[in-house]
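To start, the structure itself, in structure tokens.
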Amino acid sequence: MDREGFKSNFGSILALAGSAVGLGNIWRFPYMLSEYGGGAFLLVYVLCIIIVTFPIMLSEFIVGRRGNRGAFSAIYHIEPRGPWKFYGSLAVFIPFATLCYYCVIGGWTLYYLFQSCLFQFSSSSSPEAIDSMFEHFITQPVTPVVFHGLFLLATAIIIRWGVRNGIEKCSKVMMPLLFFIMLLIAARSMTLPGASEGVSYIFNPDFSKITPQVFLAAMGQAFYSLSVGMGIMITYASYLDQKSNLPRIASYTIFSDFLFAVIAGCAIIPVLFAFGMSTGQGTGLVFKTLPLIFSQLPFGSLIAAVFFFAVLLAAITSSMSLFEVPVSWLVEHKHMPRNKSCLYVFLAALVIGAVCSLSFGPLGQITISNKIIFEIFDYTIGNYLMPFAGFVVVLFVGWKMHASDICEEIFKTSIPALDHRCRFWFMVLVFAIKYISPAAVLAVFLSGIL
Ligand code: PHE
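Numbering (the working numbering), first residue to last: 1 to 450.
As structure tokens, this is what we get:
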């Protein structure tokens, strides 16, 4: 099948890294790091991404490129028999549902960027006003919905431009820019008086803090941050060149995601220490604590604007990947033109996202076991659907696909033709895909249920 794909290896790595690097790195990782013991969490996280997430990402790459189709039919194309077909619907549904609520937070970021440009986070604003701004904003009926719509619209426009001209070109501009900005902010933060304690909190592990909970939290974070278990990596891998080296691309993607997470940690945690704030700030870290701190720094509004611009870039490269999956499904399976597909996905996500956004305010009464609609999306997808979908993919690659096909995809040659070193790594990989990753995913899944 002739499909549009990424033009260069470099562009595809930036697009993959763009999907992975997002709010999960800048907003979620620092607060997980601070909640689960700093260095101890970092150490466990590194183990998880190497041992558990790398084989899963590689499995998704193998499925995507071998199937040469988006997430909906890649598995089915490789194995038309058996129960695997149901995975396709799941792999389109999950990114779409995530898109709806992810763009709500994207909208918040846009709003905060806007407020920074209006000098709302300067020394003249009272700390109480900054602190209450967040709750006041998200509970309103109109403004958050408008900003959600604007964020979603920006995503839709980029996706409408296509894989090369939209996703790849934007990632090539946005990712280096994001990297540069985050480095600058981290440098500023780490040189604040009193910040060194924060730096050592991140890099000096206290081994007594390593518990099974830390493992589960790190694994959940690795899943979320690397966008696996969603069908996204399958769809993006189907745009990769047939000759590209999958393990190398997976390593680069994972490494850049990790690098961004550490830089974000270095940008945020030392500031907390410098200002004597506690480390367990939870989800309010980026939208409440940081603006408060920015307002006390010289040129606070400027730093806040640059920071929220960076968060916006990170969020949009991730939402692009979420948006692309249902669009590729409509284009490939419903034979709809790309324009029209983008419009339909935009409208559907606008309506559902608006409901998620309103659940912080006017629709706050609608709850299921004490969770508002937004939380139900986040909870169900993060704890059940993503681990489950990830589980299905590793099961498929590890237990259903032929080892010779896997070898063909990874090394572009047959098993007997592998040299000693490659054969060793191949066996390690297959072992990880067959046993380690499914067991780990199952643990995350069960911990979410129990
Ligand atoms: N990986 C993204 C982040 O860290 C979130 C995401 C998850 C994006 C799943 C797409 C799919 O923010």
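Where a beta carbon is used, it is the ideal one built from N, C-alpha and C, also for glycine.
When you compare the CB positions of residue i and residue j, do they come within less than 7 angstroms of one another, or not?
i, j, result
"I234", "A71", "yes"
"M182", "P270", "no"
"L14", "S171", "yes"
"M32", "V228", "no"
"P326", "V46", "no"
"G5", "Y239", "yes"
"C103", "F134", "no"
"P55", "A389", "no"
"T53", "A304", "no"
"S318", "G22", "yes"
"L178", "F308", "no"
"F391", "V441", "yes"
"L385", "Y236", "no"
"P144", "S357", "yes"
"S359", "I372", "yes"
"A264", "I436", "no"
"M175", "G18", "yes"
"F426", "Y101", "no"
"S295", "I130", "yes"
"I78", "R66", "yes"
"L246", "I50", "no"
Taking the alpha-carbon positions, what's the residue i to residue j distance?
i, j, result
"L330", "F323", "11 angstroms"
"L347", "A218", "35 angstroms"
"F299", "S122", "7 angstroms"
"F86", "S73", "10 angstroms"
"I167", "T98", "18 angstroms"
"G88", "I352", "21 angstroms"
"V146", "T139", "13 angstroms"
"G382", "K243", "33 angstroms"
"I48", "F374", "Rather than Ile, the amino acid found at residue 48 in this sequence is Cys. So the two alpha carbons sit approximately 28 angstroms from each other."
"T173", "G82", "In the sequence under discussion, the amino acid at residue 173 is Val, which differs from the Thr named in the question. Roughly 43 angstroms between the two C-alpha positions."
"S200", "L90", "42 angstroms"
"E408", "L395", "18 angstroms"
"I316", "D405", "35 angstroms"
"V430", "R3", "30 angstroms"
"A250", "H335", "31 angstroms"
"I94", "S225", "15 angstroms"
"S341", "R160", "9 angstroms"
"W84", "M320", "27 angstroms"
"S256", "G361", "37 angstroms"
"P205", "Y36", "11 angstroms"
"R164", "K7", "6 angstroms"
"Y379", "K169", "33 angstroms"
"T155", "L290", "26 angstroms"
Taking the alpha-carbon of residue i as reference, which of the options has the nearest alpha-carbon?
i, options, result
"M401", "I62, S126, C48 and V52", "I62"
"F180", "A267, S73 and E375", "A267"
"A274", "S196, I49, F388 and L58", "S196"
"A439", "L272, K169 and G398", "G398"
"S447", "M230, F29 and F215", "F215"
"M277", "A264, I293 and I249", "I293"
"V345", "G38, A20 and F96", "F96"
"G231", "S59, L290 and V142", "S59"
"A187", "V262, F411, I105 and R421", "V262"
"L192", "R28, L350, L272 and P337", "L272"
"V306", "L363, S116, L297 and P30", "S116"
According to the neighbour-count rule (16 or more other Cβ atoms, all chains shown, within 10 Å of its Cβ), is residue i buried or exposed?
i, result
"N370", "exposed"
"A417", "exposed"
"Q365", "exposed"
"F424", "exposed"
"N68", "buried"
"G194", "exposed"
"E128", "exposed"
"F10", "exposed"
"H148", "buried"
"L153", "exposed"
"L42", "buried"
"S34", "buried"
"G142", "Reading the sequence as shown, one finds Val at residue 142 and not Gly. The residue in question, V142, is exposed, as its Cβ has fewer than 16 Cβ neighbours within 10 Å."
Please confirm if the region 101-121 is in contact with the region 304-312, defined as three or more CB-CB distances below 8 angstroms between the two stretches.
Judged by Cβ distances under 8 angstroms, the region 101-121 makes contact with the region 304-312, as three or more pairs qualify.
Within the chosen definition, does the region 283-295 reach the region 200-216 through at least 3 CB pairs nearer than 8 angstroms?
Not touching, per the Cβ criterion.
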